[in-house]
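Numbering-wise (this note's numbering), the sequence shown opens with residue 438 and increments by one.
Every residue gets a Cβ at the ideal spot worked out from N, C-alpha and C, and that includes glycine.
If you're wondering where the values come from, they're calculated on a predicted model, not measured in any experiment.
Only one structure is covered here, and it is reproduced in the block below.
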Amino acid sequence: MPNPLAPVLVSRRRTLTWLGAAAGCSALGAGGGAVVIAWGDVPAIWSLGHRNVQGAAIHPDTGELWTCEHGPQGGDEVNIDRAGRNDGWPRISYGCEYGAPVGGCTPVGGASAAPGLEQPLTTWVPTSIAPSGMAFYTGSMFPQWRGSLFIGALAGKALWRLSLDGNRVVAREALFSDLGERIRDVRQAPDGSIPLLADRPNGRILRLQA
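Below you can see the structure in the form of structure tokens.
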């Protein structure tokens with residue numbers, strides 16, 4: 438009987454398909470109609486090499502799309518998804534096959550880097566945190582956190598704060614892990630407080646405020 442935890446690598450082909458792809462379009466073009474990004478013979482593909490994107494946010498200064506995604510066993514990532522780029526999955530990864538020894542395995546794809554494939558801004562190894570919703574903080578209620586990227590963690594049961602220097606992650610910390618909550622989403626409210634959505638049967642919204 439097949440192992441239900443074994444990863445299914447649906448495609449290792451270099452040809453472009455919708456598998457592991459992100460679609461891109463703008464709301465209105467010059468003539469008032471939608472603009473569809475065409476890449477090769479597959480229309481609307483923005484970027485490739487995604488495994489399981491869970492969160493996305495637009496950088497408030499650059500306007501670029503940042504995403505976080507689940508790795509397999511370890512290898513969760515934060516990426517900047519740029520048009521025509523390939524983030525690597527399943528050809529490269531920092532995560533391992535399910536069931537492999539933690540901290541002593543060969544990554545999925547056999548390597549963590551290859552020519553022409555993008556590197557993540559940060560990864561979580563050897564244990565996954567299962568990143569979820571994310572948001573950049575630009576508010577005034579917590580001036581010490583301004584410019585940070587916040588990411589909810591499901592398996593990690595915490596709110597992660599990433600300190601940034603441009604496009605570099607220079608530090609990160611897990612906050613409120615003592616609550617034991619699976620943080621599904623994070624937002625910035627108009628007053629600068631930070632609402633958190635807890636992933637539980639009846640739901641729960643927490644609010645961080647000064």
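At what residues does the beta strand (DSSP E) containing residue i begin and finish?
| i | result |
| --- | --- |
| Val539 | Looking at the DSSP string, Val539 is not in any beta strand (DSSP E), and its letter there is neither H nor E. |
| Gly570 | 568–573 |
| Glu610 | 605–612 |
| Ala590 | 586–590 |
| Leu643 | 641–645 |
Is DSSP giving residue i helix, strand or coil here?
| i | result |
| --- | --- |
| Asp498 | coil |
| Gln581 | helix |
| Asp518 | strand |
| Asp628 | coil |
Taking the alpha-carbon of residue i as reference, which of the options has the nearest alpha-carbon?
| i | options | result |
| --- | --- | --- |
| Trp436 | Trp483, Gly508, Pro552 | Nothing can be reported for residue 436, as the shown portion of the chain is limited to 438 through 647. |
| Ile620 | Gln491, Gly486, His487 | Gln491 |
Excluding the 5 residues flanking residue i on each side, which residues of the same chain have their C-beta closer than 6 Å to its C-beta?
| i | result |
| --- | --- |
| Glu610 | Arg598 |
| Val606 | Leu558, Thr559, Leu599 |
How many Å lie between residue i and residue j at the Cα?
| i | j | result |
| --- | --- | --- |
| Ala471 | Trp503 | Confidence at Ala471 is low in this model, with a pLDDT of 40, below 50, so the placement of that residue should be treated as unreliable; the coordinate-derived value is given next. Rounded to the nearest angstrom, the two C-alpha atoms are 22 Å apart. |
| Asp615 | Arg644 | 15 Å |
| Tyr531 | Asp513 | 8 Å |
| Arg637 | Ile482 | 34 Å |
| Pro544 | Ala608 | 24 Å |
| Pro439 | Ala548 | Bear in mind that the predicted position of Pro439 carries a pLDDT of just 40, short of 50, making it unreliable; the figure below should be weighed with that in mind. Those two C-alpha atoms are separated by around 25 Å. |
| Val539 | Asp628 | 42 Å |
| Ala592 | Gly553 | 31 Å |
| Asp518 | Arg641 | 31 Å |
Who are the near neighbours of residue i in its chain, counting only those whose CB is closer than 8 Å to its CB and skipping five residues on each side?
| i | result |
| --- | --- |
| Tyr574 | Trp582, Arg583, Gly584, Ser585, Leu586, Phe587, Gln625, Ile631 |
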